[in-house]
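Engineer: In this text, residue positions in the sequence shown follow our numbering: the first is 1, and each later residue adds one.
Where is the CB? At the ideal position from N, CA and C, for every residue including glycine.
Please read these numbers as outputs of a predicted model, since none were measured by experiment.
Dropping the structure in here first, questions after.
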Amino acid sequence: MIPRKAAWVGCAAAAFAACVALAHADEAPEIAGDWHSSGREFAAGAFTADVAIAAAEGRHYTVAGAGRYRRGDQPYTVAGDGVRSGKTFRLTRTVAVGAADRLGDLHAAAAAGDGKRVRAVYTISGDGDRMTGVLYAVAGGFGGYETLTKTRAARASRIVKGPYLQNLERDAITVLWETDGAGPSRVDFGTSAALGQTVEDARPVTLHEVRLAGLPPDTTHHYRVATGTVASATFSFRSAKPRGAPFRFVAYGDSRTSLGMHRKVARDIGASDPAFILTVGDLVEDGNNYDLWQQDFFDPLRDVISRIPIFTTLGNHERHSNNYFNFFALPGNESWYSFDYGDAHFICLDSNSPYEAGTEQYRWLEADLAAAAAATWKFVWFHHPVFSSGQHGDTDRAKTLLVPLFERHHVDVVWNGHDHDYERNFKDGIYYVVTGGGGVPLYPRTVSHAHWSFWRANRYSQVFKGLLEGAWHHCVVEVNGRTLTMRVVRVGGGELDSVSITK
Ligand SMILES: [Fe+2]
């Protein structure tokens with residue numbers, strides 16, 4: 001849950017400032033808050049925004065936010081102020097600053113666009129807890145609108161996400177949940193149903209993140225979360241096994257845009273009872289759409305990630321959204337990170353960010369692999385497939401930049417997604433697995449880069465399973481000493497693949 005950086009630095013800072021102001025607001029909290037808008041395609045692009053509205057003085061409000069105009073993916077910031085009348089909030093002045101030559105200024109003026117300028121009017125109204133609004137924009141002769149929605153109670157009245165578990169460490173774990181209004185965070189936990197230990201944080205937040213430390217290894221812990229008088233049921237998890245102990249984990253991915261299939265895969269993952277889950281990304285159709293996180297990710301996984309921690313990675317569909325970084329608690333900078341479990345070292349990369357030699361990510365990866373030289377097993381996962389016979393095909397820069405590093409440092413297995421199928425590839429001692437069947441629509445085996453209309457065989461492919469095989473699945477990996485077994489479980493039962501490695 002690290003504040004977003006990178007391309008939205010300025011915007012994130014502005015939004016943060018507005019959120020801080022909100023904490024001191026004494027009027028109309030039903031209007032102030034974080035608003036999210038995304039998705040609608042314009043005639044020649046798309047317009048997304050995260051806007052924070054904070055009460056300033058009296059009936060006047062300030063607005064700050066960040067957005068992305070997707071005709072070339074230019075970022076922009078939004079700033080302005082407005083006046084509240086009853087439960088209607090109307091911006092009187094809005095200015096957005098983006099790539100000036102492409103986007104121009106964004107004003108709330110009523111005049112039409114002139115081909116270079118973008119004009120917008122925000123009208124936000126509501127009836128208390130449930131607020132709706134409209135953003136209208138005109139840019140160079142085309143336009144559209146967004147509906148902004150946000151449910152925000154002044155005080156927490158229910159848990160809307162979780163609790164869910166992340167960041168399993170040797171002797172710690174992080175518990176997260178979201179409430180519909182702000183309040184303190186409390187976790188009661190213990191090795192018996194009587195619980196007995198408590199961690200509290202008095203800060204009023206809606207996204208709660210509590211780390212439980214000092215856990216004895218390989219032990220069932222019970223826990224319950226609470227925000228004020230709102231409490232969850234009691235759940236349980238298993239703390240990490242010690243070095244040398246056999247363990248099981250799951251890798252899977254591409255679970256977005258599911259109409260129930262992700263729920264079925266999630267149920268199977270729960271039945272496999274892993275120590276933790278790795279997901280290779282594309283968790284939601286659009287990471288900037290707040291509501292989709294509930295539909296695509298948190299609801300299908302609800303009964304699983306309340307007891308099994310999940311380590312996520314960024315797919316292209318997450319769009320580096322603030323939501324991703326807000327919802328998740330991961331090691332390091334949360335885009336790329338590593339952790340140890342048993343005698344294995346796990347490395348998550350962000351294949352949407354630069355990883356050319358000399359970049360921050362590449363230098364981090366080199367150092368991390370070198371530091372993990374003594375680990376018996378080295379596993380890597382990220383979104384875009386190194387080798388793939390699927391629709392997207394190989395990722396050439398991964399082959400050029402990452403594979404030499406993986407080979408030099410004796411990585412054992414790499415898991416990727418992005419292509420909606422299952423594939424096992426093998427090159428120079430390393431397995432490259434595509435596990436992109438977590439719920440997305442599948443496609444049959446196609447040539448790589450099919451739109452180029454020629455066949456380019458993937459000569460490292462050993463097994464490929466696609467639409468015709470009903471290849472929604474998850475990978476179950478058992479590590480026992482110097483032997484690894486990976487079983488690929490088809491949704492509803494049956495096996496798509498099985499492979500063993502002994503070192
Ligand atoms: Fe993808």
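#1: Just to confirm before moving on: does the CB-CB distance between aspartate 254 and histidine 473 stay below 8 Å?
#2: Say yes only if the C-beta of asparagine 416 is nearer than 7 Å to one or more non-hydrogen atoms of ligand 1, and no if none qualify.
#3: Can you tell me whether DSSP reads lysine 241 as helix, strand or coil?
#4: Suppose only complete runs of 3+ residues qualify. What are the beta strand (DSSP E) ranges in the segment 471–501, listed by chain order?
#5: Based on DSSP bridge pairs, tell me the residues matched to glycine 190.
#6: At a threshold of 7 Å, does asparagine 480 count as lining ligand 1 (C-beta to nearest heavy atom)?
#7: Scan the segment 245–273 and note each continuous alpha helix (DSSP H) run of 4 residues or more that stays entirely inside, going in chain order.
#8: Take asparagine 480 and list the residues in its own chain whose beta-carbon comes closer than 7 Å to its own, dropping the five residues that flank it on each side.
#9: Just to confirm the assignment, what range does the alpha helix (DSSP H) spanning arginine 302 have?
#10: Could you give the C-beta distance for glycine 196 and arginine 155, rounded to a whole number, given that I count them as a contact under 8 Å?
#11: Grab the span of the beta strand (DSSP E) containing phenylalanine 464 for me, first residue to last.
#12: What are the start and end residues of the alpha helix (DSSP H) that includes proline 404?
#13: Pull up the CB-CB distance for valine 491 and valine 265, whole angstroms please, since I reckon it's below 8 Å.
#14: Using DSSP bridges, identify the partner residues of tryptophan 381.
#15: Report all residues from its chain with a CB closer than 6 Å to the CB of serine 351; omit the five preceding and five following residues, and keep chain order.
#16: Could you please give me the residues that DSSP links to arginine 211 through a beta bridge?
#17: If you run the structure through DSSP and keep just helix, strand and coil, what is lysine 503?
#18: For serine 508 and serine 461, which I take to be in contact (beta-carbon distance under 8 Å), what is that distance rounded to the nearest angstrom?
#19: Cβ of aspartate 188 versus every heavy atom of ligand 1: is any distance shorter than 7 Å?
#20: I'd like to confirm the pairing. Which residues does DSSP put opposite glutamine 166 in its beta bridges?
#21: Would you mind giving the Cβ-Cβ distance between serine 272 and valine 250, rounded to the nearest angstrom? I have them listed as a contact below 8 Å.
#22: Output the distance between the C-alpha atoms of leucine 369 and threonine 229, rounded to the nearest integer angstrom.
#23: Exposed or buried, arginine 500, counting other C-beta atoms within 10 Å across all chains shown (16 or more means buried)?
#24: How far does the beta strand (DSSP E) with phenylalanine 276 in it reach, from first residue to last?
#25: Between the C-alpha atoms of threonine 227 and glutamate 209, what's the straight-line distance to the nearest angstrom?
#26: DSSP puts alanine 231 in a beta bridge; with which residues?
#27: Between which residues of its own chain and leucine 405 is the CB-CB distance below 7 Å, once the five residues before and five after are set aside?
#28: Give me the Cα-Cα distance between glutamate 513 and glycine 281, rounded to the nearest whole angstrom.
#29: For threonine 376 and proline 204, what's the separation of their Cα atoms in angstroms?
#30: Using CA atoms only, rank isn't needed, just tell me which of Thr191, Asn322, Arg267, Leu349 is closest to leucine 207.
#31: Quick one: what's isoleucine 430 bridged to in DSSP?
#32: Going along the chain, which residues of its own chain have a beta-carbon closer than 7 Å to the beta-carbon of serine 353, five neighbours each way excluded?
#33: Please report the straight-line C-alpha distance between alanine 240 and threonine 400, rounded to a whole angstrom.
#34: Anyone know if the C-beta pair for serine 258 and aspartate 296 falls short of 8 Å?
#35: Select from Ala329, Phe379, Val440, Asn316 the residue whose C-alpha is nearest the C-alpha of alanine 344.
Structural biologist: So, from the data block:
#1: no
#2: no
#3: Residue state, collapsed to three classes: coil.
#4: 473–480, 483–490
#5: His222
#6: Using a cutoff of 7 Å, the CB of asparagine 480 does not count as near ligand 1, since none of the ligand's heavy atoms is closer than that.
#7: Those alpha helix (DSSP H) runs which fall completely within the segment 245–273 and span 4+ residues are 261–272.
#8: Pro246
#9: 302–305
#10: In fact, because the Cβ distance is near 28 Å, the residues do not count as touching under 8 Å.
#11: 461–465
#12: 403–408
#13: Right, their Cβ atoms sit about 5 Å apart.
#14: Cys348, Trp415
#15: Around serine 351: Phe382, His383, His384.
#16: Thr174
#17: coil
#18: Here the chain covers residues 1 to 503 and nothing more, so residue 508 does not appear.
#19: no
#20: Thr174
#21: 6 Å
#22: 46 Å
#23: The residue you asked about is not arginine; residue 500 is serine in the sequence shown. Serine 500 comes out exposed.
#24: 276–279
#25: 12 Å
#26: Ala226
#27: Leu365, Glu366, Leu369
#28: Only positions 1 to 503 of the chain appear in this structure, which leaves residue 513 out of reach.
#29: 44 Å
#30: Ranking the options by Cα distance to leucine 207, first place goes to Asn322.
#31: Lys427
#32: Ser335, Gln361
#33: 35 Å
#34: yes
#35: That would be Phe379, whose Cα lies nearest to the Cα of alanine 344.
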